[in-house]
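One structure below.
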Amino acid sequence: MYRVLVPAALLLLLPGCSLGTQALGFGGDSSPASTDRMSFGGLGDQPASTQPASTAPTVTRVANMQETRPKDNAPRGSFEKAPAGALADRDYSATQLNAEQARDAINTYRRQKGLKPLKLNSELTSAAKLHCKDLARWDRISHFGSDGSSPWDRVKRSGYSARVAAENVGTGQASLDEVIKGWKASPAHNKNLLLADAEHMGIALVQDPKSEFKTFWTLVLAAPN
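Counted from 1, the sequence shown has number 204 at position 204 by my numbering; the numbering is strictly sequential.
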């Protein structure tokens with residue numbers, strides 16, 4: 001059994017654009033304990049379901065939006081899309097992700113708070129990457145996959161046996177510094193960055209210039225059983 005905590009989300013408003021981020025933490029050592037909901041508004045801010053899902057992943061990205069897609073099984077109201085052209089004036093030509101650099105930046109922050117550093121984990125990286133691809137394919141921000149999967153489902157089926165884990169997602173940010181800065185500024189995301197029990201992390205970025213959100217970031221932190 002596990003419990004799901006649904007924290008607040010942050011809406012970053014920058015000149016000429018809107019960026020979205022969401023955070024979700026969950027642990028594997030107790031029964032469901034919290035269904036508290038916060039009031040969200042703006043890009044990427046909506047409640048996340050506390051119900052787990054167990055369906056096979058279908059996250060292959062489709063370049064041609066006219067191609068047939070599998071049925072969208074994400075819970076209704078669990079995702080949000082960007083208004084047309086909301087980020088059209090931003091420059092993403094230099095956007096990239098270096099996982100080691102991301103790990104070092106997060107670990108520097110954790111050390112400043114007296115916390116142990118994280119190690120990159122290939123299974124968590126795979127979970128993060130698949131979720132980014134799925135978000136990009138559907139051009140939205142959510143903690144739920146198009147197959148109905150929750151963060152816990154994705155961590156579990158990546159092969160990582162977790163006792164505690166957390167997920168931060170972001171869309172529209174043009175750099176690693178920007179997305180981490182946004183996560184630090186949000187109490188919910190910051191709590192995940194500073195998850196004391198976490199031992200491993202995986203982080204991914206998918207870019208799609210044809211999408212409205214342009215960039216899709218996912219960070220997964222966890223500790224094994």
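No residue lacks a Cβ here, since even glycine has one placed at the ideal position from N, Cα and C.
Taking DSSP as the reference, what is the three-state secondary structure of G182?
-> helix
Examine the Cβ distances between the segment 203–223 and the segment 132–142 and report whether three or more of them are shorter than 8 Å.
-> yes
For A165 versus W152, is the C-beta distance shorter than 8 Å?
-> yes
Going straight from the alpha carbon of V220 to that of S158, what length do you get?
-> Take the alpha-carbon of V220 and the one of S158: they are about 12 Å apart.
Going by beta carbon distance, what residues of the same chain come within less than 7 Å of A84, once the five residues before and after it are set aside?
-> E212
From L130 to K113, what distance separates their C-alpha atoms?
-> 30 Å
When E167, P70 and L120 are compared against E195, the one with the closest alpha-carbon | According to the sequence displayed, residue 195 carries Leu and not Glu. Just measuring C-alpha positions, the residue of E167, P70 and L120 sitting nearest L195 is E167.
In whole angstroms, what is the alpha-carbon distance linking G145 and A174?
-> 23 Å
Give me the Cα-Cα distance between A204 and I106, rounded to the nearest whole angstrom.
-> 14 Å
Alpha-carbon spacing of V206 relative to E100, whole angstroms | 17 Å
Could you give the residue range of the beta strand (DSSP E) that holds N168?
-> Looking at the DSSP string, the run of the beta strand (DSSP E) that includes N168 is A162 to T171.
Own chain residues within Cβ distance below 6 Å of A63, not counting five before or after = Low confidence applies to A63: its pLDDT is 42, below 50, so where it sits in the model is not reliable, and the reading given next is rough at best. There are no such residues.
Residue environment, T108, which counts as buried when at least 16 other CB atoms sit within 10 Å | So T108 counts as exposed.
Do you know how far the Cα of G170 is from the Cα of T218?
-> 7 Å
Quick one, are the C-beta atoms of M201 and L97 less than 8 Å apart?
-> no
Extent of the continuous alpha helix (DSSP H) to which L115 belongs = Here L115 belongs to no alpha helix (DSSP H), and DSSP marks it neither H nor E.
Beta-carbon separation of A128 and P224 under 8 Å?
-> Result no, Cβ atoms of A128 and P224 do not sit closer than 8 Å.
Please name the residue in E80, L193 and L124 whose C-alpha comes closest to that of S142.
-> For the set E80, L193 and L124, the Cα lying nearest the Cα of S142 is the one of E80.
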